[in-house]
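Asker:
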Amino acid sequence: MIPATAADPLRLAILLSGSGRTFENLHAEIAAGRLPARIVGVIASRADVRGCARARELGLPTEVVRRRDFDGAQRYGDALGEVLARWRTELAAMAGFLHLWSVPPALRGRVMNIHPALLPAFGGQGMHGAHVHAAVLASGARLSGCTVHFADDQYDAGPIIVQRAVPVAFEDTPETLAARVFEQECLAYPEAIRLFAAGRLEIVGRRVRIRG
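Here our numbering is used: the first residue of the sequence shown is 815, the next is one more, and so on.
1. What is the DSSP secondary structure of VAL878, counted as helix, strand or coil?
2. Can you find the residues in the same chain that come closer than 7 Å, C-beta to C-beta, to ALA870, ignoring five residues on each side of it along the sequence?
3. Taking the alpha-carbon of SER958 as reference, which of ALA952, PRO981, ASP966 has the nearest alpha-carbon?
4. Per the DSSP calculation, GLU1016 is bridged to which residue(s)?
5. Could you check the C-alpha separation between HIS841 and ALA949 for me, to the nearest Å?
6. Starting from the N-terminal side, write out each stretch of the alpha helix (DSSP H) that is 4 residues or longer and does not extend beyond the region 949-1014.
7. Which stretch, first to last residue, makes up the alpha helix (DSSP H) that contains LEU840?
8. How many whole angstroms separate the CB atoms of LEU829 and ALA887, which I take to be in contact at a CB cut-off of 8 Å?
9. Among residues of its own chain, excluding the 5 on either side of THR819, which ones have a beta-carbon nearer than 8 Å to its beta-carbon?
10. Among ILE975, PHE1010, GLU1005, ALA992, which one has its Cα closest to the Cα of ASP1021?
11. Once the 5 residues before and after HIS947 are set aside, which same chain residues still bring their CB inside 6 Å of it?
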């Protein structure tokens, strides 16, 4: 892949299922000139979520592709892949997208996800949002954080690109821990996308080599 530049930015698509906070952070990083990317479209899994409305307010192409309309992760992945191909997507960023989908062959190594814990701990089906932070607190872990990884056909299981850690305080609630982790998510995701845009990421088995 030829490294992206401000004149020839990475064609980035966003997949979301909720408020769109992560999407808005990426949009702000692009607007500030810190991320050499252009958001070519937003896919929402529901039409009534704030993230979908926000994408439309920003004038971005928006598609609603509901999981319940498709029989299985393979068919759902094919439908998502068709939309992403139409937008000539170079990288798809899952930003609070809650549904498992089978990544089509043409998109393998070109779909990222961010998870609000230090994978491989506290990942898997049902582990999202407050559920993750509650599980971290219940475990007695002294560190949490966030993980950006390439997505595969399992929940939270793809090769890890970037992780950022935060301390867990004795007084933390799921809400206070979530706020501290989200601050790091706002740094980690743009960092991972910048590395991808620069052509510096290489998947080697289950690991990611950062070149240069």
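Don't be surprised by glycine CBs; every beta carbon is placed ideally from N, CA and C. Computed from a predicted structure; not experimentally measured.
Answerer: Reading it off the structure:
1. strand
2. Looking at the sequence shown, residue 870 is not Ala but Arg. Excluding residues within five positions, the ones whose Cβ falls inside 7 Å are THR876.
3. Cα-wise, what sits closest to SER958 is PRO981.
4. ARG1023
5. 30 Å
6. 988-1011
7. It spans 835-845 - the alpha helix (DSSP H) in which LEU840 sits, taken as one unbroken run.
8. In fact, because the Cβ distance is near 14 Å, the residues do not count as touching under 8 Å.
9. PRO850
10. Checking the sequence shown, residue 1021 turns out to be Arg, not Asp. That would be ILE975, whose Cα lies nearest to the Cα of ARG1021.
11. PRO988, LEU991, ALA992
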